[in-house]
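Quick mapping for you: the protein sequence lines, in order, are chains A and B.
Sequential numbering from 11 applies to the first sequence in our numbering.
Sequential numbering from 2 applies to the second sequence in our numbering.
Working notes for the structure below.
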Amino acid sequence: MSSIILEARDIRYRYPRGMEAICGISFHIRRKEKIALVGPNGAGKSTLLTMFNGMIRPDSGMMLFDNLPIQYDTASLRMLRKRVGFVLQNPDRQIIAPTVYQDVAFGPINLGYPEKEVKEAVTKALRHVGLDGFERRPPHQLSGGEKKRVAIAGVLAMDPDVLVFDEPTSGLDPSGSEDIMELLDELNHEGKTIIISTHDVELVYPWADRAILMLGGKILHEDIPEVAFGNPESVRTAHLSLPILLELHRELQKRGFLLPGKKPRTVLDMMHCLETLFENSRSHTRQGIITVCNVDMDNQEYLSEWLSMHTGICIGAMGTRAKLSAENSRIHLDFTYGVIDKCILKALLGENCLILTAESMVKRVYQRVDAYGEESGVHIPVHRLESEPGVPDGKNGGVP
Amino acid sequence: MFEELLEDIAQKNGLREVNTYLKLAAGLGAILLCLLSTSYIAPLFIALLITGAILLLARVDAKTYAELFMVPVGFALMSVAGIVLITGGHDIFWHWDIVNGFSLSVTRESINQGMFVFCRVIGGMSAMCFIALTTPMTDIFIVLRQCRVSEVVIDLMMIIYRTIFILMNQVIQIYQAQVMRLGYSTYRESLHSFASLCGAAFIASWDAGDDLIRAMDARCYNGKFALLGENRPVERFPCFAVVLFLTLSTTVVIVSGTITII
């Protein structure tokens, strides 16, 4: 288990002339974890989040970053804020400068980077969130989702270890929300610790490593999502709703169906449960093949050639770069979020799929499919799309 | 209320990618020539060329440009009417003694003077519009910094620029919310609505200021606001066009001398 990066020890905070917003909270967050703070409005989520980068100092108790108590002098706070990036709920409030470039460059400049490094950091951050070419646009002309991405890029440009998001998907349309959640996943895969606050249970239930339910300035429940959201009593107390999959699982159990394995977190898990339940109903004995294409490899020509040979295949793109690349090559995408799971579902039906993704996420596909294979005993072959045909497949390849 | 701002037009005009200095040279040069000219012909000529550039090169919508132009032209016509009636002269066409010692008259000199002023206004206005419609503020900031304007001033300008749009958005939202609930329906009501609009906008801007400081702090604010981008390179064709325009206009200024309309 990785080391602890953020820790709170019995912290309390009262707003001036207000009621107590945080009443004695203790918890810890480990490196590379995906944490969701979930609770109703006014539960103290935002207040707690702003303590992570020292914007608010608790009245009593102690906040620790990297096992050291947070110091509240200017120099230490600067160091802390470089390492803990904070993305506000309203991007309009976070975007300061008149153009996208200037805004993303704000952090690096104030950290004293030389001009060349600033430029590199900005280009990299904008590329990461899929906003290449937006440098000179003024923020007020961007859409809500784009503004959110600018705000995220502004924080990414400082290369923090921990990213804190206050309601990252508020005000975004469903596909915009999924895009942002996927971006968070991508960042997490690059080794960043991600903490978000939200009241969208459905969105965080499959996403988070750990959920912290908050109510009235206290922690109500803290556990893996299946457990944290699995208790209808505490979910109701926290003014939230049960994730639909868990509710379905519960209702099925109540009706005497014995569902195997752990509680389902995704549609794929649910399908597995149901298929084991009705073993005989699985009509397809041959699984489809999942092919993974690394878009960073510059194999456009080979890809289009391959696609012309495999017409009618389902294509999914994972990550902003893959989506951009698909758009540029005019590839029609069938899936843009939850791609791996959807492709596994397709493969179980005997259909072939192609996943476009960036270098860093290729491994993720293998991991997910392997994990599914181990759990369900169904092996789905994963191939890698290489520019030279004949390169051996991945470790999972060719085992139908 | 204000659906399209000049700034939005400037951000996507056809001359956006031309070097800012060239555009400013054309605009400011035109204003200067209008002021130096002693005849009505040169400003009219300049106005014609610049309007052509705005409509054809910058591809600004003609209707928008006409609407924009009508506002100052209205004012100009009013002041020109005053000038024509008040300025004295020898060749009197029309004359009215209102009271002893104060009379209105239309003379050859007053008509010439009025026409001259009016053309100057048109020439200057079109040059101003040219700058406003082709050069977004964000590019002007770069020029200001290169001209060694104090950093504090530029930083403040940038923050104000950014905040204007946020505040504007909020004001529009509050205004619409008021209209939807029948604010501004009577004179009394509209006074009341406007007052509360101002109050709400003030509170909103105060909040925005607080948030701005917080947002800057969260990103390690250390006194440096923002690096400015680079200016576009000077390209041969636009450079040639500006030089040609200024030479041509100067020639017209010199040749037209003191030609008057009548």
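Think of the CB as a built atom: it goes at the ideal place given N, C-alpha and C, for glycine as much as any other residue.
All figures in this text were calculated on a predicted structure; none of them were measured in a lab.
With DSSP as the reference, label residue i as helix, strand or coil.
i	result
residue 181 of chain B	helix
residue 395 of chain A	strand
residue 164 of chain B	helix
residue 402 of chain A	Interpretation of residue 402 of chain A is limited by its pLDDT of 45, a score under 50 that renders its predicted location unreliable; the figure taken from the coordinates is listed afterwards. Residue 402 of chain A falls in the coil class under three-state DSSP.
residue 23 of chain A	strand
residue 19 of chain B	coil
residue 72 of chain A	strand
residue 210 of chain A	coil
residue 144 of chain A	coil
residue 149 of chain A	helix
residue 239 of chain B	helix
residue 44 of chain B	helix
residue 242 of chain A	helix
residue 282 of chain A	helix
residue 199 of chain A	helix
residue 193 of chain B	helix
residue 142 of chain B	helix
residue 138 of chain A	helix
residue 275 of chain A	coil
residue 221 of chain B	coil
residue 184 of chain A	helix
residue 123 of chain A	coil
residue 208 of chain B	helix
residue 187 of chain B	coil
residue 61 of chain B	coil
residue 73 of chain B	helix
residue 217 of chain A	coil
Could you check whether residue j and residue i sit closer than 9 angstroms to each other, using their CB atoms as the reference points?
i	j	result
residue 359 of chain A	residue 322 of chain A	no
residue 224 of chain A	residue 381 of chain A	no
residue 61 of chain B	residue 6 of chain B	no
residue 165 of chain A	residue 95 of chain A	yes
residue 127 of chain B	residue 26 of chain B	no
residue 70 of chain A	residue 113 of chain A	no
residue 364 of chain A	residue 304 of chain A	no
residue 85 of chain A	residue 132 of chain A	no
residue 150 of chain B	residue 232 of chain B	no
residue 62 of chain A	residue 172 of chain A	yes
residue 115 of chain B	residue 84 of chain B	yes
residue 207 of chain A	residue 176 of chain A	yes
residue 220 of chain A	residue 238 of chain A	yes
residue 24 of chain B	residue 103 of chain B	no
residue 119 of chain B	residue 81 of chain B	yes
residue 269 of chain A	residue 286 of chain A	yes
residue 161 of chain B	residue 205 of chain B	no
residue 209 of chain A	residue 309 of chain A	no
residue 261 of chain B	residue 113 of chain B	yes
residue 204 of chain A	residue 213 of chain B	no
residue 227 of chain A	residue 60 of chain A	no
residue 2 of chain A	residue 258 of chain A	The structure shown has nothing for residue 2 of chain A, since chain A only spans 11 to 410.
residue 97 of chain A	residue 26 of chain A	no
Based on the DSSP secondary-structure assignment, which residues constitute the bridge partners of residue i?
i	result
residue 44 of chain A	A/204
residue 367 of chain A	A/304 and A/328
residue 223 of chain A	A/48 and A/231
residue 95 of chain B	B/107
residue 345 of chain A	A/326
residue 17 of chain A	A/38 and A/74
residue 417 of chain A	Outside the shown range of chain A, which is 11 to 410, sits residue 417 of chain A, and nothing can be said about it.
residue 30 of chain A	A/24
residue 100 of chain B	B/103
residue 79 of chain A	A/74
(message) Beta carbons nearer than 8 angstroms to chain A: which residues of the stretch 207 to 223 of chain B have them?
(response) 209, 212, 213, 215, 216, 217, 218, 219, 220, 221, 222 and 223
(message) Taking beta-carbon pairs under 7 angstroms, can you tell me which members of the stretch 39 to 51 of chain A lie near chain B?
(response) none
(message) Along the stretch 5 to 26 of chain B, where does the CB come closer than 8 angstroms to a CB of chain A? Name the residues.
(response) 8, 9 and 12
(message) By the 8 angstroms beta-carbon criterion, what residues does the stretch 150 to 163 of chain B contribute toward chain A?
(response) 159, 160, 162 and 163
(message) Short of 8 angstroms Cβ to Cβ, which residues in the stretch 160 to 180 of chain A face chain B?
(response) 164, 165 and 168
(request) Please name the residues in the stretch 167 to 180 of chain B whose beta-carbon is closer than 7 angstroms to at least one beta-carbon of chain A, in chain order. (result) 167
(request) Could you run through the stretch 113 to 144 of chain B and flag, in chain order, every residue whose CB is less than 8 angstroms away from some CB of chain A? (result) 137, 138, 139 and 142
(message) Using a Cβ-Cβ cutoff of 7 angstroms, what residues of the stretch 69 to 100 of chain A are near chain B? List them in chain order.
(response) 88, 91, 92, 96 and 98
(request) Closer than 7 angstroms, Cβ to Cβ, to anything on chain B: give me those residues from the stretch 273 to 286 of chain A, in chain order. (result) none
(request) Report the residues of the stretch 99 to 120 of chain A with a CB closer than 9 angstroms to any CB of chain B, ordered along the chain. (result) 100, 102, 103, 104, 105, 106, 107, 108, 109, 111, 112, 113, 115, 116, 117, 118, 119 and 120
(message) Can you pull out the residues from the stretch 121 to 135 of chain A whose beta carbon lies closer than 8 angstroms to at least one beta carbon of chain B?
(response) 121, 122, 125 and 128
(request) Report the residues of the stretch 297 to 325 of chain A with a CB closer than 8 angstroms to any CB of chain B, ordered along the chain. (result) none
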